[in-house]
Amino acid sequence: MLRFLHVVGLVLFLLVASLPRTFACEPPCRHAIAKAFTQQYWPLVQQVMAQLDMPLTRPVYKRPPPYQLTDVVPVDVLQETLADTARQVVKAFVNDTSYGLEEQIYNVMFNEEEPFKGDCSSPPRLDRKMPPEGEAWTMDECRRMDYRCGNPPSICHHIDLIKTRIVKRIQSQLSVTAAFDGPLYQPIAQECKENVKHILTKYGGAALLRDASIMAYTNDVVTDIRLALEDWITDHVNTMCTNPEQEEYCGGWEYALKLEILKWP
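For the sequence shown, the positions run 0 to 264 when numbering that gives the first Met the number 0 is used.
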């Protein structure tokens, strides 16, 4: 009896082993696919960040500086200095974001909750473990690979899910910018205050560095900038990919991206 069970077990093992096993996307494949998604979403990030210029510089021109300050520093020089300060901080933030976006997209796809990893053979959906060298997966295989696992057809099939994850991650990253210690507000506030001190000293007004009206003016400007950041988050970040202005950045490229995904073994 034991010998019979052993034989049956061996036969079952051989049958399972003979089923086609679909290989998962290896690290070079994952990074290439994350990069392909990044190339699609980077123009969206640029479009959203471009909406910051006027809101961040408007408070500088709308809030009148006190006469104690303008008696020493020309108004246009003061305003241009503060506006340029905000623009330079935004530019640096955008540069930092450009370097980190691909990593964030890679993480939401492959490292975090419900990653696109794991066996794609149980249950079997495809008839081959990978295409022959020089060939791509097919759109039919993309359609058939209807559960989350680690191969390109699965990633292709779930492209809408991945798009939603990526947009939520971008929104999350941008939504913290208006916090007091956020990567946009904090450096803008610090740089504006430092540049007011610098320009006062440059024009011979060092004795006014502790003038209450000048300190109040600087605090009011940076508060206005933080409120502008909050409005930007509400109007442009929270509405990302539901805002008609962003439609061209959020879709219409899925088929081409699927073809790119399916090129990988």
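All residues carry an ideal CB built from backbone N, CA and C; glycine is no exception.
First and last residue of the uninterrupted alpha helix (DSSP H) at residue i
i    : result
T200 : Y184 to K201
R266 : There is no way to answer for residue 266, as the model of the chain reaches only from 0 to 264.
E253 : E253 to L261
D156 : Strictly speaking, residue 156 in this sequence is His, with Asp absent from that position. It spans P151 to H156 - the alpha helix (DSSP H) in which H156 sits, taken as one unbroken run.
H235 : H235 -> no alpha helix (DSSP H), and no H or E assigned at all.
V47  : P26 to A49
N94  : V74 to Y105
Y60  : D52 to K61
Y146 : That residue, Y146, is in no alpha helix (DSSP H); it is neither H nor E in DSSP.
Q245 : Counting along the chain, Q245 falls outside any alpha helix (DSSP H), and DSSP gives it neither H nor E.
T241 : First-last for T241: undefined, no H or E at that position.
L68  : Y66 to T69
Whole-angstrom C-beta distance between residue j and residue i, which should lie under 8 Å
i    : j    : result
L208 : K196 : 6 Å
M144 : C119 : 7 Å
I198 : Y40  : At roughly 39 Å, the Cβ-Cβ gap does not stay under 8 Å, so I198 and Y40 are not in contact.
P152 : E140 : 4 Å
Rounded straight-line distance, which links the Cα of residue j to that of residue i
i    : j    : result
E113 : G181 : 29 Å
V10  : P26  : In this predicted model, V10 has a pLDDT of only 35, less than 50, meaning its place in the structure is not dependable; the value taken from the coordinates is given anyway. When rounded, the distance between both Cα atoms is 35 Å.
Y36  : L256 : Here residue 36 is Phe; the residue named in the question, Tyr, does not match the sequence. Their backbone Cα atoms lie some 8 Å apart in a straight line.
E259 : I32  : 8 Å
V236 : E132 : 42 Å
G203 : L68  : 11 Å
L51  : I187 : 13 Å
R20  : N110 : The predicted model places R20 with a pLDDT of 46, which falls under 50 and marks its position as unreliable; any figure quoted below should be read in that light. Whole-angstrom Cα-Cα distance: 23 Å.
C191 : L55  : 12 Å
K34  : D234 : 28 Å
Y105 : V221 : 35 Å
- Message: Within 8 Å, do at least three Cβ pairs link the segment 121-136 to the segment 83-95?
- Response: The segment 83-95 is not in contact with the segment 121-136.
- Do the segment 45-56 and the segment 236-245 meet, that is, are 3 or more Cβ pairs less than 8 Å apart? Three or more Cβ pairs closer than 8 Å define a contact, and the segment 45-56 meets that threshold against the segment 236-245.
- Cβ contact check for the segment 211-223 and the segment 54-70: 3 or more pairs under 8 Å: Between the segment 211-223 and the segment 54-70 there are three or more inter-stretch CB-CB distances shorter than 8 Å, so the stretches are counted as touching.
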